[in-house]
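Notes for the one structure printed next.
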Amino acid sequence: MNGYDFTFCGAHLTALGSGALWWADAALLCVSDLHMGKSERILRRGGTALPPYETLDTLNRLAADLARLPVRHVICLGDSFDDSAAAQALPDDMRGRIAALQAGRDWTWIEGNHDPAPVAMGGTHLAELRVGPLTFRHIAQAGATGEVSGHYHPKARVRSRGRSISRPAFLVDDARLILPAFGTYTGGLRCGSEALTRLMRADAHAILTGNRPVAVPMYGA
Amino acid sequence: MNDLPPLFADWFSSRGWSIHPHQQLMLDKAEAPALLLIAPTGGGKTLSGFLPTLLDLADGSHEGMHTLYISPLKALAADIKRNLTTPVEEMRLPITIDERTGDTTATRRKRQRAEPPNIFLTTPESLALLVSYEDAPRMFAGLKRVVIDEIHALAESKRGDQMMLALARLQTICPGLKRVGLSATVEDPAAIAHLMARHPDPCEVVLADPGPAPDIRMLRTEEVPPWSGGGAAYAIPAVLEEVKRHNTTLIFHNTRAQAEIFFHNLWLANDEGLPIGIHHGSLDRTQRTRVEAAMVRGELRAIVCTGSLDLGIDWGDVDLVIQIGAPKNVKRLVQRIGRANHRYNAPSKALLVPANRFEVVECVAALEAVLAGELDGEPRGPGPRDVLCQHILITACAGPFDADDLFAEVTSAGAYAALSRPAFDDCLAFCATGGYALRAYDRWQRLMQDADGRWRLRDPRSAQRIRMNIGTIQDTDTLKVRMRRNRGGKPLGEIEEGFAATLTKGDTFLIGGQIVRYEGLREMTVEVSRDAAKKPRIATFMGTKFATSTQLSARVQRMFTQESWPELPEHTAAWLHLQREVSELPRPGRLLVESFPHDGRQQTVIYGFAGRNGMQTLGLLLTKRMEEMGLHPLGFVSTDYATLIWGLDAVEDPAPLFDLAALQEGLEGWLAGNAVMKRTFRACATIAGLIERNTPSARKSGRQATFSSDILYDTLLRYDPDHLMLQITREEALRGLVDFGRIEEMIGRVGDRIDHRVLSRVTPLAAPLLLEMGRVPVSGAAEERLLAEEAARLMEQSGLAALTPPPSDRPRWRAGF
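Those protein sequence lines, which keep their order, are chains A and B.
Just remember that our numbering sits 58 ahead of the position in the first sequence, which is counted from 1.
Just remember that our numbering sits 793 ahead of the position in the second sequence, which is counted from 1.
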């Protein structure tokens, strides 16, 4: 299993190459911005018919992480569904997949801006959740500490010998940790964007996902 | 014979003109359902197309639109409007003329739909848009003729396929519509005639007198051309001399990057300060327009340009065309040479400048082909299905349609004449539901069937989105470049996003002949400042790198069989003789493979003559095969003629490498994950309407709402590998960037006739390959390694490494087990 270990507000965490966050001491896996049902929502609103496999692919990748780790608690950090109607329209087989992943585990759905209402699926629905020193919520709040959030889909870029490598990335400083989007149909926001530089301190890191996650200084990446 | 009425005859003679024989022929045959005119530039081609229209409209009795004119270039439509206005005004003809392109204002567009002009000038994209409106039958009511200008250029692209589908639509609205095509010299007029006519109508071809043979030579310089490279910097003084000796010279290049470098060097050597401009498709439109205007006014002595000047705009007094680099394709060369001359019956004058030693051979071969009148060209495959998908959506925008009727209409377009009903139904299913193996979209179909079985848009709002995305021109991911200033400085042009991503502040690059310094990225614009650096990098621009045509490659191979080469310059002939002495020259119908050690590595050269894209693909496939066979290849480089592979172990028997079945198998596996496929997929999926370039909600500030088309490609490949979009992508890539067809042709051509020469050192013919740019390393893990190294460096440099515990080798979560 590929991971990058780091300590955040006293918690020993691992940024996984998949974009999930693993907290071994709490047996907790956190994923953000799954955006399940995105293709259905786009078509419903008069857009194009994208390949309707993103929910399956997202769940397959989540299942792979769950199969490898002794996870007792899963937190989906908001925007798990592309909107409430998309959650309702989720096909039965996908509901079955989710139920199977939930079996024998605590499961928390944190509300996001795309899915503010509780979904008719197992698990607990919360606006935010405190576990030990950490607070899990969807959108970062000003002045927060020990906060784990998502929402922005951060990505970072490293240039080397004429190649430019851009990947979804975790952003972390002393007070805040922002997760990359885990969903298959998600884009990224450059970590140099104002929305992110406003939040993150000057000594923040970006941890690039991929086969071997690596950390670089966020400012300069 | 139709005599000109007195009004026209007087007008002709008042200008001192007499009607050309082919203009008379076009007039006589004006009632033919389809008519194709092949005429050289300057042959009064446009007037030939319009004369029957002007005669027909002269009495003022026609109501509404009479003739539709379609040209591939907006600028050409504007030009033609000016040219037509002169006779109409001078003869006081009661004819209204108007143009419509992407630049036409909304009010004028509205007026055109309410009160259509008699002669309507437009582009294929604007026509497709007009056909998508519900009131199209009213706007085009009464239409009698359509004139397609520069049809040879359209016939080679999806723009032409889209246009012909739109014409099929118009033909249903106006059954008596007659079609006229105007073309430059082409190798196969019958092929264009087939595309142009309503299937199965006949299409007569009128051939104008081709005029005198061009005066075309290779530029002989004191300097010997270099062994490799494409810049032709050695020829700058000689080219400058030629510019001085002529009024106006067009200097054509094969790529935009080469045009930039050449212009830069030309300018450094231009001691007399001759007015010289640069023109290519990546430059900002205002810059291009300024150069075009200066050219028409006769103020420029030379223009360094690329294919953007290939088409028929009236460039005034051009008396010399210079082609830098081997022309790669004889037909394009002939069409470019045609630019040199707008006076019918005077020979065009052109010079070829080979950029390196091998190109000397190719230039001489091309010259011989021109003199022999042998043009080349690859036959196009059947009409592309992504364009058909877009056409189905366009049709749905105009109103409900019956699938049987639409199929009949579509197959009346020549390119789609052989389209099968199941293939059509697949495209229709794709438009309706996405056509996925998973039937997830029954509820939200894009197209739905009425009770009477007719197809219509489910959500009328989607018509707007479809119209916003009409067209088949490839939008590459480019970024605009501007001078940095408070409120946005002067726009300079565009560069590829991939190139922009490699820039860091302070890097310098060439654009529009200027050296600029990269300052930063602001929103989606690259901001630059002026810089006086001596050694700028070269911006990369999208734009095709042409591959040498099959016919020209064969001609070069035939030249190699000669005893001696009196037609070649001494230095080049001596080089070929030496190759024959040391090894041998590649022979037609056989495959020469050379192996020799060099630079501490084992080198193998395959002289496959399959064109740049084909040889590149061959390099990828062969290195993959060699990897499997344990030969440890390290990298390769390809040109139009040969691929050089280097590695740790020598190739002892090349025959097993060229097993077609094994190569094909490698192609399947390797190709799927290749960047070329993803690029091709993006283009096809955009045309077919799966990916929208433009959406009604304006661009979002961030980009997290959008995701890359690569993700769609990967997802489809994983869960729906037989999906229509992947079928189209494969088909297209194999013909285009991957060009596997040329490799199959090569293997068929050589069979088992492989001549393997094992030598002790590099051969004369192989030597230039060692200098060739664009070496491709063979590696899979390279990116991860680069990333890890660079990350460590950055952490160290910033001091952050000291603050952060390094990643531990033993993952923490194992502790519990």
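From the three backbone atoms N, C-alpha and C, an ideal C-beta is built for every residue, glycine too.
Do residue i and residue j have their C-beta atoms closer together than 8 Å?
i, j, result
"residue 863 of chain B", "residue 942 of chain B", "yes"
"residue 925 of chain B", "residue 1260 of chain B", "yes"
"residue 1045 of chain B", "residue 964 of chain B", "no"
"residue 1121 of chain B", "residue 1341 of chain B", "yes"
"residue 271 of chain A", "residue 247 of chain A", "no"
"residue 1146 of chain B", "residue 1032 of chain B", "yes"
"residue 1470 of chain B", "residue 1522 of chain B", "yes"
"residue 1224 of chain B", "residue 1182 of chain B", "yes"
"residue 207 of chain A", "residue 197 of chain A", "yes"
"residue 1379 of chain B", "residue 1350 of chain B", "yes"
"residue 986 of chain B", "residue 830 of chain B", "no"
"residue 1238 of chain B", "residue 1226 of chain B", "yes"
"residue 143 of chain A", "residue 99 of chain A", "yes"
"residue 975 of chain B", "residue 842 of chain B", "yes"
Quick one: what's residue i bridged to in DSSP?
i, result
"residue 1008 of chain B", "B:1142"
"residue 1242 of chain B", "B:1248"
"residue 1044 of chain B", "B:1097, B:1115"
"residue 183 of chain A", "A:167"
"residue 1389 of chain B", "B:1396"
"residue 88 of chain A", "A:79, A:133"
"residue 971 of chain B", "B:938"
Chain A partners of residue i, CB-CB under 8 Å?
i, result
"residue 1513 of chain B", "109, 111"
"residue 756 of chain B", "Because chain B in this structure spans residues 794 to 1610, residue 756 of chain B falls outside the shown range and cannot be described."
On the criterion of 16 or more Cβ atoms from any shown chain inside 10 Å, does residue i qualify as buried, or is it exposed?
i, result
"residue 1572 of chain B", "For residue 1572 of chain B, the predicted structure reports a pLDDT of 49, less than 50, and the residue's modelled location is therefore unreliable. A value from the coordinates is still provided. By the neighbour-count rule (16 or more Cβ atoms within 10 Å), residue 1572 of chain B is not buried but exposed."
"residue 1453 of chain B", "exposed"
"residue 1555 of chain B", "buried"
"residue 1017 of chain B", "exposed"
"residue 1486 of chain B", "exposed"
"residue 1010 of chain B", "exposed"
"residue 1297 of chain B", "exposed"
"residue 1601 of chain B", "Note that residue 1601 of chain B scores a pLDDT of 37, beneath 50, so its modelled location is shaky and nothing firm can be said."
"residue 167 of chain A", "buried"
"residue 1439 of chain B", "buried"
"residue 802 of chain B", "exposed"
"residue 1541 of chain B", "exposed"
"residue 1038 of chain B", "exposed"
"residue 203 of chain A", "exposed"
Using the beta-carbon of each residue, which ones in chain B are nearer than 9 Å to residue i?
i, result
"residue 255 of chain A", "In chain order: nothing, as chain B lies at least about 12 Å away."
"residue 238 of chain A", "Near residue 238 of chain A there are no residues of chain B at all, since even the closest Cβ is about 10 Å away, more than 9 Å."
"residue 98 of chain A", "1233, 1234, 1236, 1237"
List, in chain order, every chain B residue whose beta-carbon is nearer than 8 Å to that of residue i.
i, result
"residue 226 of chain A", "The contacting residues do not exist; residue 226 of chain A stays about 10 Å from chain B at best."
"residue 119 of chain A", "Correct list: empty, because the minimum Cβ distance to chain B is about 11 Å."
"residue 115 of chain A", "1508, 1511, 1512"
With distances taken Cα to Cα, identify the nearest neighbour of residue i among the options.
i, options, result
"residue 1287 of chain B", "B:1275, B:1505, B:1228, B:1297", "B:1275"
"residue 913 of chain B", "B:890, B:902, B:928, B:920", "B:890"
"residue 1473 of chain B", "B:1525, B:1510, B:1431", "B:1525"
"residue 174 of chain A", "A:66, A:276, A:91", "A:91"
"residue 994 of chain B", "B:1382, B:1210, B:1063", "B:1210"
"residue 1250 of chain B", "B:1186, B:1265, B:1223, B:1218", "B:1186"
"residue 1318 of chain B", "B:1543, B:1304, B:1271", "B:1271"
"residue 882 of chain B", "B:839, B:1037, B:851, B:1543", "B:851"
"residue 1177 of chain B", "B:843, B:800, B:951, B:1167", "B:951"
"residue 1418 of chain B", "B:1393, B:1447, B:1396", "B:1447"
"residue 1200 of chain B", "B:1354, B:1216, B:1021, B:1263", "B:1216"
"residue 1343 of chain B", "B:1070, B:1401, B:873", "B:1401"
"residue 1563 of chain B", "B:1432, B:1076, B:1158", "B:1432"
"residue 1352 of chain B", "B:1151, B:1514, B:816, B:936", "B:1151"
"residue 795 of chain B", "B:808, B:940, B:812", "B:812"
"residue 1549 of chain B", "B:1444, B:1315, B:873, B:1557", "B:1444"
Could you name the residues of chain B that residue i contacts, counting a contact when the two beta carbons are closer than 7 Å?
i, result
"residue 104 of chain A", "1252, 1254, 1255, 1258"
How would you list, in chain order, the residues of chain A whose beta-carbon sits under 9 Å from the beta-carbon of residue i?
i, result
"residue 950 of chain B", "Ordered by position in chain A, no residue passes the 9 Å Cβ test against residue 950 of chain B, which lies about 24 Å from the chain."
"residue 1297 of chain B", "217"
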